[in-house]
Structures are given as structure tokens and as C-alpha cells.
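Chains as they are written, first to last, in this note's numbering: chain A, 1 to 403; chain B, 1001 to 1381; chain C, 2001 to 2265. Take a look at the structure set out below.
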Amino acid sequence: MSILIQQDRCNGCGLCARSCPYQALEMLDKKATWLEDRCTLCGACLESCKVGALSGEIPTREAPDFREYRGVWVFVERQGSGFHRSAFELLGCARGLADFLGEDVSSIMLGADSDDKGFNELISRGADQCIAVNHPALGQYRTCSYTHALTHLVLKHRPSILLIPATTIGRDLAPRLARRLKLGLTADCTRLAIDPQERVLLQTRPAFGGNIMATIVTRYSRPQTATVRPGVMKPLDIDSTRKGVIVFEDVNLPDSVDVTKILECVMNIESATNLSEAGIIVAGGRPICSEQGMSVLKEFAEAIGAEVACTRVVVEEGFMSTDRQVGQTGQTVRPEIYFACGISGAVQHRAGMDGSRYIVAINRDPDAPIFEIADVAVVADIYQILPILTRTIKDYKGLSITC
Amino acid sequence: MTRIPRPTAEEMIRKTFARFTDDEIIPKAREMDEAGKFPRWMFEKIAKTGAYAMRYPRKIGGAGGNTTQFCIMVEELARGSMSVAAFTAMQCLMGTNFLYQYGTKDHHERLLKPALRGEKVASFALTEADAATDLGGAKTMAVRDGDHWLINGSKTWITNAPVADFFTVLCQTDKTQGLKGLNFFLIERETPGLYVSKKFEKLGTRATEIAELAFSDVRIPLENRLGQDGQGVGNLMRILAVIRTMTAALSIGLARAAFECSKRYSLERTQFKKRIGSFQLIQQKIANMATEIWGANLMTYKAAEMIDRGERALKEASMAKYFASETACRASDEATRIYGAYSYSMEYDVQRFYRDCRFLLFGGGTSEILQTIISREEGVY
Amino acid sequence: MKLVVLIKQIPNTSNVRIDPKTGNLVREGVTSIMNPEDRHALEAALSIKDHFNAVVDVISMGPPQAIEVICEGLAMGADKGILLTDRAFAGADTWATSTALGNAIRKNGPFDLILAGRQAIDGDTAQIGPQIAEFLGIPQITCVSALELSDGKVVANRIIENGCERIETPLPALVTCLASLNEPRYPTVGRILDSVLESTPIEIWNAADIGVKAQEVGLAGSLTQVLKTFTPKGGRETQYLEGTPSDIASGIVQFFVDRQVRLGE
């Protein structure tokens, strides 16, 4: 089996190279070239060619009939007595998908003592149905207990889509569940949509550190399962007129299901900086790595009521704690305004902040990639700009600017 | 079972020490330079990679590596910091070589093996105030006194002297014999009569400490003479090709560092609304640097290969050292021109390359003496 | 004690980019490295070996050149390497990958602890560890920042949002490791020179060797498919502000006044 390229027909448009998820086609001297060792014979290139230059025998695989699987499920994560913010974000996203499909949204909550108050909040944020399991063994998250309970629910109700937040818990649970139920699983999605023709879930996620986005489909298993990065999807506004049903389910959960013991759980609430809820973020890069730099940055942040944040290098140099790091390996934020001060804008950093409403970038290097995604670009030294900007904003105080 | 070729040892050594340099040395290079002190923590970090034992056989705790592999390692280290590469080279080669070759079992157990593990610091004392290129002019005397040697005199420009635990010292035993009257002696730091001066204030390689040694009736056992009587210079000649090839490799490392930052800056910096890399005079500098580094690379690793085959390679090593060290100096000079006034700022690394490269011009023989040697090897003298 | 460490060879993502003209992945200058968190997993295993009588095996799945990371693992101190390589493994999603690795671990024999990095930085899925634990039917602890072994059990600190759990589980088990767990050692020169010799054990296994059919692994055995890939783009109109620092400061404030966005408390 191979991909054949008819050189005289190939017009060098490059569509096939762009369509190939495995980079197995390259343009050489304006003609497509096939790299056999990278090709997985997925067939994406064959569909892309407009001039019929590509041919090949692609093994076909029949997709089973999944029509009996219906409904969009959201696994909601509790936090203290309330919910992790991802719960509402995922419900908002699920609502859109379910409306498109003409199906229902269900929230799935596992716990020891869930009560009705929480359910109303889930309904007002988009759920049609709240499925809950109360069991003493589910009071604290443990991988195997939760997997066991969720497996039971999925097998019983057969949803077509299952969304799980890409939190530490979600990323521990989802793969375990997927392996048990033989489900395809896409991690850390930042965009979800339904393909209008095939009616499958299009799951888009960053790969290669955010350099590449990949859209993934699950054709051979149900529910189509994805973890969704917190801070990316938009929650719906609370609508208390929304109606929904609450269903309590029983699960048989013997002790032998989970052999792990949680000996201790330490929450460091004090340092819990919640960057994700900040309206304005002032973030610094390498140039602020000094006492002077930190004070300039903090004074500015204070003047505009912002949280300070930083790039990875600032954490490594010991000037800020990890919970203030924005980026691929840190927090994902989407504030109203993001000030990037002396940040070059490596993709790893951009992955954590490019959803910000407005981005102001100040950097000495005119070619810094951060300018590509900035609304306001200032090519200058932050030490020249920030102190004066701080003063200018202080002078503005009292002047009422509405939100 | 399928057979798949494994990577070569050379590839793996380059990759390992390239990563070590990028992750451990480069982030700390400026700090080490500014502190102007021997970074013992870095010395110990390198020890954990087994670097100091690289050249020695397994039976004494070495790795059994060859000259090519050794050169690759020091080249990568020099890309991060010439100071670090310089004290590593001292520990791997000059500081330990004679002790390994001619030391007693006790010397090996007590000093050499700990040195290869990075628990003791080694040093090598050749140069004197009036005897540098002219080794025969050495005035430090070792006189037999019963069952001891009595040593008097002084040495200067001794790398690692302020921190070393033992020294391999070149002394005269018989003034009438000229070069044949020279021998190496092992002198431990705690020996009474050995004095180490304050460290020198110097232009470059500021994180290697260099000082003077003075010997006043230093009394050492007879077995501390390393090698047969009168063989000192002869034994030195045996590793001279290795020393020069290694210094060439250090030069390539520094030249690459200067070249990489020049390339980066040429693509970043704009003037007249263009990247300066789009100007032909900058392109010329980049092209010359690249070409010379390539040439130095070919010469150096060819010489290393010859040494590994057991050939003398003195001419080839001298040529490599001469060309590579001059290449490093030209590359760091060109880098300062590409950086313009910023190269004059202590904030940028270019100034460090510019200062450090001077070290390469005399360590392992000056360019001038090397030219003399090359000409002599060609039969013209 | 038998420890198995899963390692992956990945392109160094800090220099991966796509040529905007051709859409090709630019491979020139892209080096392959051992996934950083896997290095921490291997260090954890080696430091257990430093204190207990343990044997450490490293396993990797990838193209033939992934033998480089196996050698690197041996050079760090592992006792044996296993490379799973077969055209049939290509294009695998995490389901098919965990099928192959799970079968290989099973074939390799009994073990006490499996260690892996939390996630590989080319895919960032963090799925392989838990999926293998499920495949083998053993408990898992993910995102581990501290690890102790004693009396047939493992106690680990697992980092969660805003906190840390201390979890105990009996062996055999699987843990996935964070960078904060330890500082990995570098390969030593002596071990590097050994690792490239044929006498240092590396086993090369294909699909048949681990007893799986080609349809169960690789793209054919995957439950998800990559439909397309594309380069993300900013899509903002950038407004450059120039002039004196005061001009720029006023410009920034004006920008938000114009858009009725509130600056300051």
C-alpha cells in the first residue's frame, strides 16, 4: 500500500501537505513528495487534492452504528461546598453542542452528600438533567472508585458525548475510564464543535507545545470523550428560569474496588492566587527579574487593580511563585486586559493568555512574537514606560470610566 | 530480533554535554565570571558526570574514553564558560596525567582516584617568571637530600593553585643537563614550605583561579618524582599533542558561542528598518566566522583522530591549536562589531567571549611558537 | 525489586515550527530529546535503586532512532532497555499506544513499580500512564512530587489544584512523575561508552513479539483520528504606539477609554 503522486498533474498547491496530520507529504521543487516512513495511510491527503494527482489504496474501517447513544454529559468537579469553575464552563460548551444535536445536557456529580442547592445552580447554567451518586466512598476523589461509579453510569445511560475538565482530577480519571470502557479520548481540548455532516464531535487541541493545533474525531467508540482545558470555554449567564430534573443513582461500590488510601490532604488556601478570575493581569518576563523590576511591575499592577503574573523564567529565577506562571505549563487565563511587560511571547506563554480580551505588549525587541497577538504594541523598554503609565493612570483615577 | 544501530559514543557525549552546558553552565556563566571565584559547586556537578575520569582506564576508576571524545566534551563546556572548561581540562589532563602515568599505588589511591571523582583538585606547575615558552630556563631546583627531595624556587600562572590539593611541578635536578635535567614532582598542598600567593586579577577566565607557588625547603619523599630521571620534558612531549588538540577544541567552543550569538543578533537587531543580517557586510562576517569554525573543526578532530590511532600528530595538533585559537579570537572580535556598542556593556555575553578568548592564545603554546614549530616540522628552520 | 520506567523520544518542541509557505513541519535543526518528565521518572527509579536492591528496565515505543533514548536511559543507570518499534505502531492514539506498552510490560515479566513522566511535551495528553495502569489492573498515582517505598507499598505526594494529597497504595502500582520530584542525574561518561556497546542489553520488539495483531495497534487500532492540523494565528489588529513615554502612556489609557474598559479600581 502506498500513496502515488502523478507528477504531471500535481500543480504544487500544497493542499495535501497541509492536510496531512503526520507531515508525510512535503513540497519539493513545487511538487508533492511522499515520505513513506511517516505515512500512516490515513487518507486525508487523497480528499484534499483538487486536481486528482494523488491516488492510493486506503484500508477502510467501518464505523459502528451509534444512534442509540444520546446526550451530552459533563462531569462536574466539586470544590469545597461549590463547584470548580470548569463545571460551568463545560456546561456552557455542552449546551451549545447539545442544542446543535437536539439532545440534552446532563451534569454528572459524584460525592458523599450532594444536596439540591448545587443542582439548581447547575441547571441555571445549562444542565437539563443532574445525575448524582451519593456514596461514602466517593467523598474524596480516588481514581478507581470514581472510575467504577462513572463506568456504571455510562454503561447504563449511553451518552454520546462525555466532557471532563482537564484538571488534575479530570486528567487522572478520564484516561482510566477511557481504557476501561474502550473509549477514544482527546486531552485538553480548547475548542469543541459538531461536524454538520457527520454529526461527530470535532475536538481541537494544541500539540507540540501550542505550535500546532490538531482537530480530532472519535469515530469508533461512544461516548466521544474529551477533557477540556479550564479557563477556555465561556460559561452561560445564570438563568434561574431554566428547568431540569435531578436523578440520584445507586452504585455498588465495595471497598475492594479501590486499594488506595488518602493519608492526608493539604490545601494551601493562602497562596491560592486565582489568576483565572482576575479582570486585569500585569505579567512580566525576564527583564523584571530584579528587585527594581518587581517593584515597578507591582506598583503598576496596584495602580490599575491588577494581579501580577509572569513567564516561566521569572518563576525559575525565583521572583514569583508557580501559581503566578501563565502559559502551557502554568495557568491559562483570559482576563479583560493582559499587559505583557518585557515578554517575548514564546508559543508556550501565548498558549496560556491568547484568549485575553485585550493584549497590551511592551517589549524592546520589535520582532518579539508577542506583538503578533497584541492589540496595543509598544516597542520600548518597560522601565521607560511603566512608571509613567502608572502615574498617568493614577491621574485618571476619579475619572469614571464604566465597564 | 531486529538489529538497530545504536548512536555513537561521540554523538552521545556531545548531546549530553551540550545539554549540561545549556542547562547548567550557560545560565550561571555570567554570575561565575562576575564572582571571580573558583565555583566548587560547578566543579562537583561536573564530577558527577564522570568527566574527570574520562581519559583514564577502567581499572583505576576511569571511563576509558579517547581524545576525540575528550575534545568533544571540553568543546561543549567551553561554549558555556571558558573558565569552567579550563579547570575541567586541567583536572582531566595536565593535573592528573603524570600522577596516573608515574605515580605509586598509594598516590593513585590517595590522590588520583579522589581527583577523578572530583573530591580533590589537581594542578600543574610549569611556567616560571623567566621560563615560559623557554622551559629549559626553569630555576626551581629539586635536590636529593638523603631519602627526600628538597625543593626551592617558584612557579607562576598556575591554574587552580589557590584551590588545588596537589601539584605536578616541573623542577631542575641537574642544571648541566639542560632539558634532560628536568623532572616532574608531586607536591601535596599541606607540605610544609609550600606557599600559594593571592589569586591573580586577570582579564578573562575569571572563574578559574590562577596564582603563584613558592617553595622554600619543601621536603617530599623520593617516590614523588614522577617518571624516570631526566624524562620530564620527554614525558611532557608525549601529551603535548593532546594538550594542543584539546586547546583547539576549547577554542572551537568559544568561537561557536560568539558565532551563535552573532547569528541571533543579526536576525533580531534592526537598523534602517531592516534586520542587520540583511546587510552584506554583516553577512560577510557571518560567512567568515562559519567558514573558519568549520575549518578549525576539521583540523582539530582530524588531529584527535590521529592521536587516537597512536600517531604522533604534533604538527597537526599545533596547526589545529594555532588556527582554532586565532579563529576564536577573530570570531569574538567580529561578534563585538556586530553587537556594536552593546558589546561594550557588561550586560551582554559578547564582552566575556572577547576577554576569555585571549586565554587561548598562550595556553598550550603561543601562536608565535606554534608557527615556529610548524615551520620546523616542515623542515624550514 | 523490579522497576519499569516508560520513556519517550520527542522532538524538542522549543524549536518546532511550521513553514508558513509550504505548511511542512520544519524538521531542520529540530533535535530529539528524552521527554523531560520521563527523565525525572527514571531518576526516581535510579534513586530507589541507589537505596534498595532493584533492577531498572526502561521501555520506549517509537521509530528505530528512539534507540537513542534507550541508550541514554542506560547511560543514566538503567540495567536493561526495551524498544518497541514496528511500522504497525505508527499513528497510534493513546488507546493503541497503551495497548502496545501494556502488552510489552506484561511480556517483560513481574514488576513492583512502573514510573512514567506525567505527560510528554509533544502531546501533553497525560493519558498513557493511567491507561497502562488500567490495562494492567494496578493502582495509579499521577502528578507525583514526592515518593517513598516501604513494605510492599508506595506513599506519594500528589499535586492537585491548590494543594497536595498524600496517597498510599500497595505494590505493584504505577506513578507518573512531575519535574519537582527530583533533579535528574546526567549520564556518566563511563556509562555512555558502555551503552553504545552491543553487550549492553537492549531488546527490540515488534508487534508480533509482544503478541498483538497489527489491527490492534497503530492507526488501525486507534479509536481517535486526527482530522487535520493547522497553525494557530493571532487574528488581532495590532496598533503600534510611538512617541515619548508620556505619549505612549496616554495612548494606552486612551485606547481603553475609547473602548469603555475600566482601568483601575
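Even glycine gets a Cβ: it sits at the ideal position worked out from N, Cα and C.
Taking the C-alpha atoms as reference points, what is the distance between residue i and residue j?
i, j, result
"B:Ala-958", "B:Gly-1064", "Outside the shown range of chain B, which is 1001 to 1381, sits residue 958 of chain B, and nothing can be said about it."
"B:Thr-1173", "B:Leu-1179", "10 Å"
"C:Glu-2242", "C:Thr-2125", "43 Å"
"B:Ser-1367", "B:Gly-1080", "24 Å"
"A:Leu-138", "C:Ile-2167", "15 Å"
"B:Phe-1362", "B:Asn-1235", "21 Å"
"A:Val-72", "A:Ser-106", "6 Å"
"A:Ala-63", "A:Arg-219", "6 Å"
"A:Glu-302", "B:Met-1073", "49 Å"
"A:Leu-155", "A:Leu-177", "11 Å"
"C:Ile-2033", "B:Thr-1159", "36 Å"
"A:Gly-12", "A:Ser-48", "13 Å"
"B:Gly-1103", "B:Ala-1335", "45 Å"
"B:Gly-1181", "B:Asp-1229", "8 Å"
"C:Thr-2099", "A:Ile-108", "28 Å"
"A:Thr-417", "A:Arg-324", "It is not possible to answer for residue 417 of chain A, since the shown part of chain A is limited to 1 through 403."
"B:Gln-1371", "B:Tyr-1381", "11 Å"
"C:Pro-2063", "A:Leu-54", "26 Å"
"A:Cys-189", "B:Val-1084", "45 Å"
"A:Ala-17", "A:Arg-61", "23 Å"
"C:Lys-2107", "C:Ile-2067", "19 Å"
"A:Ser-160", "A:Thr-311", "39 Å"
"A:Thr-402", "A:Asp-65", "Note that A:Thr-402 scores 36 on pLDDT, short of 50, meaning its location in the model is unreliable and no value can be drawn from it."
What residues of chain B sit near residue i, judged by a beta carbon separation below 8 Å?
i, result
"A:Pro-366", "Thr-1270"
For residue i, which residues from the same chain have a beta carbon less than 6 Å from its beta carbon, with the 5 sequence-adjacent residues on both sides left out?
i, result
"A:Ala-24", "Leu-35, Arg-38 and Cys-39"
"C:Lys-2080", "Asp-2057 and Pro-2201"
"C:Ala-2090", "Gly-2218"
"C:Val-2055", "Lys-2002 and Asp-2079"
"A:Thr-215", "Leu-202 and Thr-204"
What does residue i reach in chain C if we use C-beta pairs closer than 7 Å?
i, result
"B:Met-1054", "Val-2189"
"A:Glu-336", "Val-2261"
"B:Gly-946", "Limits of chain B in this structure are 1001 at one end and 1381 at the other, which puts residue 946 of chain B out of reach."
Excluding the five sequence neighbours on either side, which residues of its own chain have a C-beta within less than 7 Å of the C-beta of residue i, listed in chain order?
i, result
"C:Gln-1986", "Chain C is shown only over 2001 to 2265; residue 1986 of chain C falls outside these bounds and no answer can be derived."
"B:Phe-1185", "Ala-1142, Trp-1149, Ile-1151, Val-1169, Cys-1171, Ile-1220, Asn-1224, Arg-1225 and Leu-1226"
"A:Gly-355", "Val-232 and Arg-334"
"A:Ser-271", "The predicted position of A:Ser-271 is uncertain, since its pLDDT is 48 and thus under 50; a value taken from the coordinates is nonetheless stated next. Taken in chain order, the residues that qualify are Ser-321 and Asp-323."
"B:Leu-1099", "His-1107, Leu-1111, Leu-1112, Thr-1168, Leu-1186 and Leu-1226"
"B:Arg-1256", "Arg-1079 and Ile-1293"
Beta-carbon within less than 8 Å of residue i's beta-carbon, same chain only, minus the 5 sequence neighbours each way: which residues are those?
i, result
"C:Glu-2148", "Val-2154, Val-2155 and Ala-2156"
In chain A, which residues lie with their C-beta within 7 Å of the C-beta of residue i?
i, result
"C:Lys-2107", "Residues of chain A passing the Cβ test: none, with the nearest at roughly 19 Å."
"C:Lys-2080", "Here the premise fails: no neighbours, minimum Cβ distance about 26 Å."
Report the neighbours of residue i on chain B: residues whose CB is nearer than 9 Å to its CB, in chain order.
i, result
"C:Glu-2068", "Arg-1006, Pro-1007, Glu-1011, Met-1012 and Lys-1015"
Which chain B residues sit within Cβ distance under 7 Å of residue i?
i, result
"C:Gly-2064", "Residue 2064 of chain C is actually Pro in this sequence, not Gly. Within 7 Å Cβ-Cβ: Ile-1004."
"C:Val-2196", "Arg-1006, Pro-1007, Thr-1008, Ala-1009 and Met-1012"
List, in order along the chain, the chain C residues whose C-beta lies closer than 9 Å to that of residue i?
i, result
"B:Thr-1068", "In chain order: nothing, as chain C lies at least about 12 Å away."
### Task
Could you pull out every unbroken alpha helix (DSSP H) segment of at least 4 residues lying fully inside the region 2120-2153 of chain C, listed in chain order?
For secondary structure counted as the alpha helix (DSSP H) over 4 or more consecutive residues, the region 2120-2153 of chain C holds these complete runs in sequence order: 2128-2136.
### Query
Taking a cut of 9 Å between CB atoms, which residues from the region 2168-2190 of chain C lie near chain E?
Of the protein chains in this structure, namely A, B and C, none is chain E.
### Message
Give the list of continuous beta strand (DSSP E) stretches no shorter than 3 residues that lie fully inside the region 2055-2127 of chain C.
### Response
Listed in chain order, the beta strand (DSSP E) runs fully inside the region 2055-2127 of chain C are 2055-2061, 2080-2084 and 2113-2117, counting runs of at least 3 residues.
### Query
Are there three or more Cβ pairs, one per stretch, closer than 8 Å when the region 2105-2119 of chain C is compared with the region 2034-2051 of chain C?
Result yes; three or more Cβ-Cβ pairs closer than 8 Å.
### Query
Between the region 2148-2161 of chain C and the region 383-398 of chain A, do three or more beta carbon pairs fall short of 8 Å?
Taking 8 Å as the limit for Cβ pairs, the verdict is that the region 383-398 of chain A does not touch the region 2148-2161 of chain C.
### Task
Could you tell me which uninterrupted beta strand (DSSP E) segments, each at least 3 residues in length, are contained entirely in the region 86-167 of chain A, listed from first to last along the chain?
Every beta strand (DSSP E) stretch that sits fully inside the region 86-167 of chain A and reaches 3 residues is listed by chain position as 105-111, 129-134 and 161-165.
#### Entry: Every unbroken alpha helix (DSSP H) inside the region 187-225 of chain A [4 residues or more]
Entirely contained in the region 187-225 of chain A, not one alpha helix (DSSP H) run reaches 4 residues.
### Message
Under 8 Å, with one C-beta from each stretch per pair, do the region 1284-1304 of chain B and the region 1242-1258 of chain B reach the 3-pair mark?
### Response
Counting Cβ pairs under 8 Å, three or more are found: they touch.
### Cβ contact (3+ pairs, closer than 8 Å) linking the region 107-126 of chain A and the region 233-252 of chain A
As far as the Cβ criterion goes, the region 107-126 of chain A touches the region 233-252 of chain A, which means the pair count is three or higher.
### Task
With a floor of 4 residues, list each alpha helix (DSSP H) that falls wholly inside the region 1024-1079 of chain B, ordered by position along the chain.
The DSSP assignment places complete alpha helix (DSSP H) segments of no fewer than 4 residues inside the region 1024-1079 of chain B at 1026-1035 and 1040-1047, in order along the chain.
### Task
Write down every uninterrupted run of the alpha helix (DSSP H) in the region 1230-1317 of chain B whose length is 4 residues or greater and which is fully enclosed by it, in chain order.
The qualifying runs are 1232-1268 and 1280-1308.
### Message
Pairs of beta-carbons, one from the region 166-180 of chain A and one from the region 140-156 of chain A, closer than 8 Å: are there three or more?
### Response
Verdict: yes, contact present.
### Task
Mind the definition here: the region 2188-2195 of chain C touches the region 188-201 of chain A only if three or more C-beta pairs lie below 8 Å; say whether that holds.
Touching, no.
### Message
Tell me whether the region 1253-1272 of chain B and the region 1204-1219 of chain B touch, counting them as touching only if at least three CB pairs, one residue from each stretch, are closer than 8 Å.
### Response
No, the region 1253-1272 of chain B does not touch the region 1204-1219 of chain B.
### Task
Write down every uninterrupted run of the alpha helix (DSSP H) in the region 2172-2227 of chain C whose length is 4 residues or greater and which is fully enclosed by it, in chain order.
You should have 2189-2195.
### Query
Curious, which full-length alpha helix (DSSP H) runs of at least 4 residues does the region 311-367 of chain A contain?
Contiguous alpha helix (DSSP H) elements confined to the region 311-367 of chain A occur at 312-316 and 347-350, taking only those with 4 or more residues.
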